[in-house]
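Numbering (the working numbering), first residue to last: 53 to 439.
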Ligand code: PSV
Ligand code: MN
Ligand code: MN
């Protein structure tokens, strides 16, 4: 294992995790939004907070935007503002779920006028990508039905395919479309993109620039997510992760908090399948309803790093040998050895090598940023989610 350490450290230095603008704003459940002092009032202030996370972790150089939650007059200026803080704007997330017109869906809606409106929004998101220099358009649709017979399941798939194809045709050479699935909510009977198979089938028809997003909170309990990851990577169709934790449904808790072993197993398949490259976007999609937001994002990033470090430490040769010889217990032991390694000292060293504090959460608390924003920012903005 010691021989592998320099390579593991090098790999950890190349890791990038994208943080979501909405993690920095106020959020909550449909029961209550607990406002916190110092939360950002504008997209620029969200970037200021994201820059702090990058300053202390060194691995979060990009920030996802959600439109219209992050609507501004001038997106190129916002990108320049990010650049001045050592950041880049990352994925543009569309939002076709918070408008009265979308009661029966957006691009799958039975009325062509509503479908057109939703499509125009998606095309506007590509215009924004042109201005921000973003590579990825991340699409999640709340579309679905609540009752059997409510709409024609097959026709809705046809409408979905038509709209996706129009957006795909608008993408530039370097741009990608990432299609995110979720098995239920807000629709409770059918969801139009409920699972990886549906997302994969659409992406396959669309072409090379269309990839699937795996949001770790979007599966039925007991689903083997690492199997999905292995399958998508094998097909060249894994585009991104939305990392978060869940105990019940789409809980959006800190990544690696509920089930760090699952996160490790997912990262094992990413590394095994050749997905540990910039081709796979490692994003967080989470909301911090009761905990302080910036240190919660930092903690999540550290949890992703720990899972990655453990996955990188798997002795692949020993594992392959045990698998070849059918030694079930030894194969499992090789994997568990890596999982049970305390990688915190290794990550502390990686940070120190990069001139960072070995403990990013402590460094953030010492920085005085939380007090400064609480004093300066009055009337913080709601993330737009979960109200
Ligand atoms: C939907 O539940 C989702 O996971 C999508 O990624 C949305 O864009 C995001 O949540 C908003 O938090
Ligand atoms: Mn998501
Ligand atoms: Mn979600």
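Just so it is clear, CB atoms sit at the ideal spot from N, CA and C, and this is done for glycine as well.
Owing to the predicted nature of the structure, the values given are computational and were not obtained by experimental measurement.
Taking a C-beta distance under 7 Å as the contact criterion, residue 295 and residue 231 do not qualify as a contact pair. Residue 226 counts as exposed, since fewer than 16 other beta carbons sit within 10 angstroms of its beta carbon.
For residue 121, there is no enclosing beta strand (DSSP E), as DSSP gives it neither H nor E.
Exclusion of residue 188 from the 6 Å shell around ligand 2 follows from its C-beta lying no nearer than that to any non-hydrogen atom of the ligand. The C-beta distance from residue 360 to residue 319 rounds to 5 Å, short enough to meet the 8 Å contact threshold. DSSP places residue 291 in the uninterrupted beta strand (DSSP E) bounded by 290–295. With respect to the 7 Å criterion, residue 293 and residue 266 are classified as neighbours on the basis of their beta carbons. Counting C-beta pairs closer than 8 Å gives fewer than three between the stretch 128–138 and the stretch 195–212, which falls short of the contact rule.
Taken in chain order, the complete alpha helix (DSSP H) segments of 4 residues or longer contained in the stretch 297–347 are 312–324. Using a Cβ-Cβ distance cut-off of 8 Å, the stretch 296–305 and the stretch 337–355 are in contact, since at least three pairs of beta carbons, one from each stretch, lie closer than that value.
Closer than 6 Å to some heavy atom of ligand 2: that does not describe the Cβ of residue 122. When rounded, the separation of the alpha-carbon atoms in residue 73 and residue 236 is 24 Å. When the beta-carbon positions are compared, residue 188 and residue 228 come within less than 7 Å of each other. Out of 190, 286 and 396, the CA that lies nearest to the CA of residue 354 is found in 396.
When the alpha-carbon of residue 179 is set against those of 144, 192 and 283, the nearest one is in 144. Taking a cut-off of 8 Å for Cβ pairs, the stretch 358–373 and the stretch 387–401 touch, as three or more such pairs fall below it. For residue 263, the enclosing beta strand (DSSP E) stretches over residues 262–267. Of all residues, those with a beta-carbon under 5 Å from at least one heavy atom of ligand 2 are 267, 294 and 337, reported in chain order.
Judged by their CB atoms, residue 160 and residue 211 are nearer to each other than the 7 Å cut-off. At a threshold of 6 Å, residue 421 does not count as near ligand 1, since its beta carbon sits no closer than that to any of the ligand's heavy atoms.
Note that the C-beta distance between residue 71 and residue 349 is below 7 Å. In the three-state reduction of the DSSP assignment, residue 152 falls in the helix class. If you draw a 10 Å sphere on the C-beta of residue 279, you find fewer than 16 other C-beta atoms in it, and that means exposed. By DSSP's assignment, residue 85 forms a beta bridge with 80. For residue 195, the distance from the CB to the nearest heavy atom of ligand 3 is not below 6 Å.
Between the alpha carbons of residue 170 and residue 75 lies a distance of about 25 Å.
Assigned with DSSP and collapsed to three states, residue 407 falls in coil, not helix or strand. In the three-state scheme derived from DSSP, where H, G and I count as helix and E and B as strand, residue 140 is classed as strand. In the DSSP assignment, residue 188 forms a beta bridge with 228.
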